[in-house]
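Worksheet: the structure to be examined is printed underneath.
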Amino acid sequence: MKRATKLLVLVASLASLTALAAAPAASANLPWWQIVTGTRPTYLWEPTDNEQQLTIKNGSLGSAVKVQVKGATVACLGAGSIAAQCPGGSGAAITTAAQLEAALEAAFGTADVQVSGGPVQSGSALTATFLATTPDRPMPVISLTTANPEVEPKFIGTGEAELLNSGGSGRLSLTITNIGDAPVEASEDPVEIVDELPEGVIATGVEAFAGTPAVPIPVDCALEGETKVACSFEGVLPPYEAIEIEVLANLTGGPPVAGDPGKITVSGANALTASAPQPIQVSPDAVPFGLEVFSAKTEEQGGGPVMRAGSHPYQLTTTIQFNAGELAPGATRNEAIVEQPALPRNLRLSLPAGLVGNATQVSVCETADFYLRIVGKIINGCGPESAIGVASVTIIEPNAVGFRRIAVPVFNLRPEFGEPARFGFTVVPGVPVVIDTAVDPDDSYRIDAVVKNASQLATVLSTSVVIWGAPGDPRHDPSRGWNCAYNFEKIGTCER
Numbered sequence: 009m010k011r012a013t014k015l016l017v018l019v020a021s022l023a024s025l026t027a028l029a030a031a032p033a034a035s036a037n038l039p040w041w042q043i044v045t046g047t048r049p050t051y052l053w054e055p056t057d058n059e060q061q062l063t064i065k066n067g068s069l070g071s072a073v074k075v076q077v078k079g080a081t082v083a084c085l086g087a088g089s090i091a092a093q094c095p096g097g098s099g100a101a102i103t104t105a106a107q108l109e110a111a112l113e114a115a116f117g118t119a120d121v122q123v124s125g126g127p128v129q130s131g132s133a134l135t136a137t138f139l140a141t142t143p144d145r146p147m148p149v150i151s152l153t154t155a156n157p158e159v160e161p162k163f164i165g166t167g168e169a170e171l172l173n174s175g176g177s178g179r180l181s182l183t184i185t186n187i188g189d190a191p192v193e194a195s196e197d198p199v200e201i202v203d204e205l206p207e208g209v210i211a212t213g214v215e216a217f218a219g220t221p222a223v224p225i226p227v228d229c230a231l232e233g234e235t236k237v238a239c240s241f242e243g244v245l246p247p248y249e250a251i252e253i254e255v256l257a258n259l260t261g262g263p264p265v266a267g268d269p270g271k272i273t274v275s276g277a278n279a280l281t282a283s284a285p286q287p288i289q290v291s292p293d294a295v296p297f298g299l300e301v302f303s304a305k306t307e308e309q310g311g312g313p314v315m316r317a318g319s320h321p322y323q324l325t326t327t328i329q330f331n332a333g334e335l336a337p338g339a340t341r342n343e344a345i346v347e348q349p350a351l352p353r354n355l356r357l358s359l360p361a362g363l364v365g366n367a368t369q370v371s372v373c374e375t376a377d378f379y380l381r382i383v384g385k386i387i388n389g390c391g392p393e394s395a396i397g398v399a400s401v402t403i404i405e406p407n408a409v410g411f412r413r414i415a416v417p418v419f420n421l422r423p424e425f426g427e428p429a430r431f432g433f434t435v436v437p438g439v440p441v442v443i444d445t446a447v448d449p450d451d452s453y454r455i456d457a458v459v460k461n462a463s464q465l466a467t468v469l470s471t472s473v474v475i476w477g478a479p480g481d482p483r484h485d486p487s488r489g490w491n492c493a494y495n496f497e498k499i500g501t502c503e504r
């Protein structure tokens, strides 16, 4: 994983050593919400145009290339004898910028699209380039595919689409995670999410995601005017899974300035109503490396804060969201990219003096089992008895995972000689994350956590790590180990 992930886990895991103790009296399991807001990019500024370039290169018989938006064919660019391969026959092929403009306006639902370039002409190896521009707002990504995949490209031609600029000011991101110990059951009483946008922000669109690649769960969203977004969710959301919402946004004013924060409210289903402010940062400057969000909270069951000195928390929840650049969408969500401004490498954290805990009371996952790699799988050989919590991580890893938020178990590992404790988890196949600890050489009352040469195989956008106060508490069984905490793919049966 990227270095950023290890930074979060060392903050979360080691700070929670105080929580490893005997389980309190059991009570009913509950779901509750964590709401994390942010923007992509972290600094928002004046809206820009959406620009997409389409290039058609003829084969020996001309070209026949489908223009697709959100997986649906909206036009077919073609010329020459092979244009008959276009859906609907040769009469369906288009060649000019005006024809492509009309097709895209119908697909985008706006009359503001401007297309220049072209036309597509008959003749071997000829190239035609179009530029599609929509002022001041983002648009879905256009993709090009050959009209008949059974015909070789040397005959039918090829097409390439490139997103030059996403458009708009950016995206407001909402990550709404069930960090409780029971599923959110919304089939009869839907989860309602309302985003009252920050001052000076208007919405031009909204996208939402929940579930897994194999079993996506619909999230219905709509714009209620320019400054309010409403979403409804009617599925089942297991513990540590999230509803992710992205509001396509434009700043108003010239120059724009940050006004009062917005407000997110989540209600309905079998979880308590939760709300959170939605601040934004407004600047024309390049986004620097840093943290957009950081929080570390000791929580009672149900999500309330632990208020009593010397008390035993139900769990510690630590969240880090890194500053991010612009989101460049792909033809699908899985192909989107968000560039981090920079990456950390070697990290050292000194915990507060006097912080105490006893990780030896929890079963250990042996090193060989933790590093065990199952080809094509994220899972390792750690058993559920060594699980001490769950990490929910939003990453971009193009080879095996894509752009996803994934929940995985956190395990108690066998420490090296002289180490107070060691923890770890795995989000990318074959790339385990390990947090090493040591007694501070200059202060024997402090524990240091050290991460060296963290991997760069994935882009980490944000992470929430929950460490259970009493890992053996049966209330955590619905989220214990790979069978229960990991829902990205089917592993085994969870006895929830």
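9 is the number of the first residue of the sequence shown in my numbering; add one for each residue after it. No residue lacks a Cβ here, since even glycine has one placed at the ideal position from N, Cα and C. Computed from a prediction, not measured in an experiment: that's the story for all the values here.
Could you give the first and the last residue of the continuous beta strand (DSSP E) run that contains residue i?
| i | result |
| --- | --- |
| residue 270 | 270-275 |
| residue 58 | 58-65 |
| residue 395 | 395-405 |
| residue 142 | 135-142 |
| residue 250 | 250-259 |
| residue 217 | 209-217 |
| residue 150 | 150-154 |
I'd like to check one pair, residue j with residue i: are the Cβ atoms closer than 8 Å?
| i | j | result |
| --- | --- | --- |
| residue 166 | residue 65 | yes |
| residue 44 | residue 290 | no |
| residue 244 | residue 195 | yes |
| residue 263 | residue 54 | yes |
| residue 58 | residue 147 | yes |
| residue 39 | residue 191 | yes |
| residue 217 | residue 341 | yes |
| residue 372 | residue 422 | yes |
| residue 213 | residue 256 | yes |
| residue 93 | residue 164 | yes |
| residue 466 | residue 436 | yes |
| residue 331 | residue 392 | no |
| residue 418 | residue 398 | yes |
| residue 182 | residue 90 | no |
| residue 470 | residue 247 | no |
| residue 203 | residue 286 | yes |
| residue 443 | residue 425 | no |
Quick one: give me the first and last residue of the alpha helix (DSSP H) that residue i is part of.
| i | result |
| --- | --- |
| residue 203 | It is not in any alpha helix (DSSP H) - residue 203 instead sits in the beta strand (DSSP E) that spans 199-204. |
| residue 40 | It is not in any alpha helix (DSSP H) - residue 40 carries neither H nor E in the DSSP assignment. |
| residue 492 | 489-493 |
Should residue i be counted as a contact of the ligand SAH given a C-beta to heavy atom distance under 7 Å?
| i | result |
| --- | --- |
| residue 99 | Summarising the ligand content, the structure contains no ligands, and the ligand SAH is consequently not present. |
Which whole-angstrom value describes the C-beta separation of residue i and residue j, a residue pair presumed to lie in contact below a C-beta threshold of 8 Å?
| i | j | result |
| --- | --- | --- |
| residue 447 | residue 428 | 7 Å |
| residue 145 | residue 47 | About 16 Å; that fails the 8 Å criterion. |
| residue 323 | residue 474 | 5 Å |
| residue 63 | residue 168 | 5 Å |
| residue 101 | residue 125 | That pair is no contact at about 17 Å. |
| residue 186 | residue 483 | That belief does not hold up - the Cβ atoms of residue 186 and residue 483 are roughly 14 Å apart, past 8 Å. |
| residue 395 | residue 480 | At roughly 10 Å, the Cβ-Cβ gap does not stay under 8 Å, so residue 395 and residue 480 are not in contact. |
| residue 85 | residue 71 | 7 Å |
From the DSSP output, which residues share a beta bridge with residue i?
| i | result |
| --- | --- |
| residue 48 | 179 |
| residue 440 | 434 |
| residue 419 | 395, 432 |
| residue 228 | 240 |
| residue 476 | 323 |
| residue 373 | 421 |
| residue 282 | 274 |
| residue 471 | 328, 401 |
| residue 71 | 87 |
| residue 410 | 405 |
| residue 245 | 192 |
Could you pull out every unbroken beta strand (DSSP E) segment of at least 3 residues lying fully inside the segment 162-193, listed in chain order?
166-173, 178-186
Counting only runs that start and end within the segment 77-124, where is the alpha helix (DSSP H) found for 4 or more residues in a row?
105-116
What beta strand (DSSP E) runs, 3 residues minimum, are completely inside the segment 284-350?
299-307, 323-330
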